[in-house]
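Our numbering puts the first residue of the sequence shown at 17, with every later residue one more than the last. I have placed the structure first, in the form of structure tokens, so that the comments after it can refer back to it.
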Amino acid sequence: MRHLFPVLATASLMLTAACGPEPAKAPTDGESVRQRAVEAQTARRRTGAELQDRALNRVIRTVYLCDNGERLSVDFDNPRAMATVRNSSGEAVDLYQERAADGIWYKSSAYELRGQGILATWTADGREPSQCRAID
Numbered sequence: 017m018r019h020l021f022p023v024l025a026t027a028s029l030m031l032t033a034a035c036g037p038e039p040a041k042a043p044t045d046g047e048s049v050r051q052r053a054v055e056a057q058t059a060r061r062r063t064g065a066e067l068q069d070r071a072l073n074r075v076i077r078t079v080y081l082c083d084n085g086e087r088l089s090v091d092f093d094n095p096r097a098m099a100t101v102r103n104s105s106g107e108a109v110d111l112y113q114e115r116a117a118d119g120i121w122y123k124s125s126a127y128e129l130r131g132q133g134i135l136a137t138w139t140a141d142g143r144e145p146s147q148c149r150a151i152d
């Protein structure tokens with residue numbers, strides 16, 4: 017009989033808990049479910065304006081490999097409208113942003129970096145321009 021008491025007490029608690037109010041059910045019709053899914057996705061998605069604002073207010077690093085074998089590491093400092101280009105030997109040069117019709121355009125007196133998408137043209141003082149591709 018002593019062993020039966022804990023079992024009866026547990027069963028009694030379970031029955032008492034089951035008598036509470038029924039939990040609210042989420043709508044299951046197609047339109048309500050679709051609407052909830054759209055609202056959940058919209059809450060997680062960033063707008064294009066938010067993404068653009070984040071890109072314009074921080075430094076972005078990109079690595080380019082050029083057809084002449086040179087590797088360029090470029091820090092695009094968007095708040096200051098400039099880019100710092102480091103070549104394979106570690107030399108660095110600061111370029112200032114110019115207004116481009118499309119893509120990027122940074123230059124100084126002897127250097128220039130122009131491009132669109134993942135392709136760019138690097139022109140260094142006294143050398144032929146080289147075609148480069150972003151890898152990072």
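Where a beta carbon is used, it is the ideal one built from N, C-alpha and C, also for glycine.
Based on DSSP bridge pairs, tell me the residues matched to G131.
For this step, residue 131 is matched to residue 115 along the sequence shown. Under the DSSP definition of a beta bridge, G131 partners with I120, A136.
What is the residue span of the beta strand (DSSP E) that R149 lies within?
Here residue 149 refers to the residue found at position 133 when the sequence shown is read from its first residue. Note, R149: beta strand (DSSP E), 146-150.
Which same chain residues, not among the five before or five after N134, have their C-beta less than 7 Å away from its C-beta?
The residue you call residue 134 lines up with position 118 of the sequence shown. Note on residue identity: the sequence assigns Ile, not Asn, to residue 134. For I134, where only same-chain residues beyond five positions count, the Cβ hits under 7 Å are R149, A150.
Count the other C-beta atoms from every protein chain shown that fall within 10 angstroms of the C-beta of G85, then say buried if there are 16 or more, exposed otherwise.
Mapped onto the sequence shown, residue 85 falls at position 69. Burial call: exposed.
Look up R50 in the DSSP assignment and say whether it is helix, strand or coil.
As a working note, residue 50 is residue 34 in the sequence shown. Three-state result, R50: helix.
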